[in-house]
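Q:
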Amino acid sequence: MGKIIAIANQKGGVGKTTTSVNLAASLGVLEKKVLLIDADPQANASSGLGIEVENVEIGTYQILEHSNTPQEAIVKSTSPNVDVIPAHIDLVAIEIELVDKDNREYMLKEALASIKDDYDYILIDCAPSLGLLTLNALTAADSVIIPIQCEYFALEGLGKLLNTIKSVQKIHNAELDIEGLLLTMFDTRLRLSNQVVEEVQKHFNDMVFKTIIQRNVKLSEAPSYGESIIAFDATSRGASNYLSLAEEVIQKNSI
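For the sequence shown, the residue numbers in our numbering are 31 to 285.
#1: Let me check understanding here. Comparing Cα to Cα, which of Asp130, Ala36, Glu209 lies closest to lysine 282?
#2: Three-state secondary structure (DSSP) at serine 173?
#3: State the Cα-Cα distance for the pair glutamate 277 and glycine 78, rounded to the nearest angstrom.
#4: According to DSSP, valine 114 sits in a beta bridge with which residue or residues?
#5: On a CA-only basis, which of Ala54, Gly42, Gly43, Gly45 is nearest isoleucine 35? Give me that one, please.
#6: Could you check where the beta strand (DSSP E) with valine 198 kicks off and where it finishes?
#7: Which same chain residues end up closer than 8 Å to glutamine 101 when comparing Cβ atoms and leaving out the 5 residues on each side of it in sequence?
#8: With a CB to CB cut of under 8 Å and the five nearest residues on each side skipped, what residues in its chain are close to tyrosine 91?
#9: Give me, in chain order, the residues of the same chain whose beta-carbon lies closer than 7 Å to that of glycine 42; leave out the 5 immediate sequence neighbours on both sides.
#10: Do you know offhand how far glutamate 87's Cα is from asparagine 235's?
#11: In angstroms, rounded to a whole number, what distance separates the CA positions of glutamate 167 and serine 274?
#12: Tell whether a beta-carbon distance below 7 Å holds between leucine 213 and isoleucine 242.
#13: On the criterion of 16 or more Cβ atoms from any shown chain inside 10 Å, does lysine 46 qualify as buried, or is it exposed?
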């Protein structure tokens, strides 16, 4: 049975989409069957895997509306073993459209029930907010990865996200687990980066992934070519970081 992992943090610019795309590609390279769901209206996870967003006719919006099945929305990506349910800017409207619906927090969970067993991992790239879209992702997910930028404001807002996760566990999804906190954009030269790492590891201990994603120019360049870091430069530090994260996720889930 597939595992659904949401990648969430209401703070923007912490590496959610970079992590979604490159973790999906790394798991695919390690011969796991992966589905990446783009639940962010900016649709960067879709374009980051070579999908032309303006041509998307069926995507996350339609499956949340239940006007199409997930099977109809799935497209092949440029990465081996990775399929995508892409997003389009029309996803912006979903928050308003779902407001009046019964069970509005369960729309994604219900839609994914029919395909959960077709994949080893289903990753959901969440929008940088704690709105209905992210709530749907957390209700549908088995666990959540929280990327944390190694910078001064990193821990600000983390409490709010953890409280949201607690209330989702209480009301909508008792099974929701924290897969791990992922430290991103680590710069070895900065004392501040090292302090953030120490602080997070001290407070959250075993909840923190051993893998730390370091700052890497290639990681920033890859999306402009519509490729994951694995396809763009498999020898880069970014590629080895994400492969190491994928191995950690697989190991954690095989125990």
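All C-beta atoms, glycine included, are put in the ideal place defined by N, C-alpha and C.
A: Straight from the coordinates:
#1: In terms of CA proximity to lysine 282, Glu209 leads the group Asp130, Ala36, Glu209.
#2: In this structure, serine 173 counts as strand in the three-state DSSP scheme.
#3: Distance between the alpha carbons of glutamate 277 and glycine 78: 22 Å.
#4: Partner(s): Leu66, Val105.
#5: Ranked by Cα distance from isoleucine 35, the first of Ala54, Gly42, Gly43, Gly45 is Ala54.
#6: That residue, valine 198, is in no beta strand (DSSP E); its alpha helix (DSSP H) goes 188 to 201.
#7: Only Ser144, Ile145 meet the Cβ criterion.
#8: Answer for tyrosine 91: Ala117, His118, Asp120, Leu121, Ala123, Ile124, listed in chain order.
#9: Excluding sequence neighbours, glycine 42 sits near Pro158.
#10: Straight-line Cα distance between these residues: approximately 44 Å.
#11: It should be noted that the sequence gives alanine, not glutamate, for residue 167. Taking the straight line joining both Cα atoms gives about 25 Å.
#12: Against a cut-off of 7 Å, the Cβ pair of isoleucine 242 and leucine 213 comes out as a contact.
#13: So lysine 46 counts as buried.
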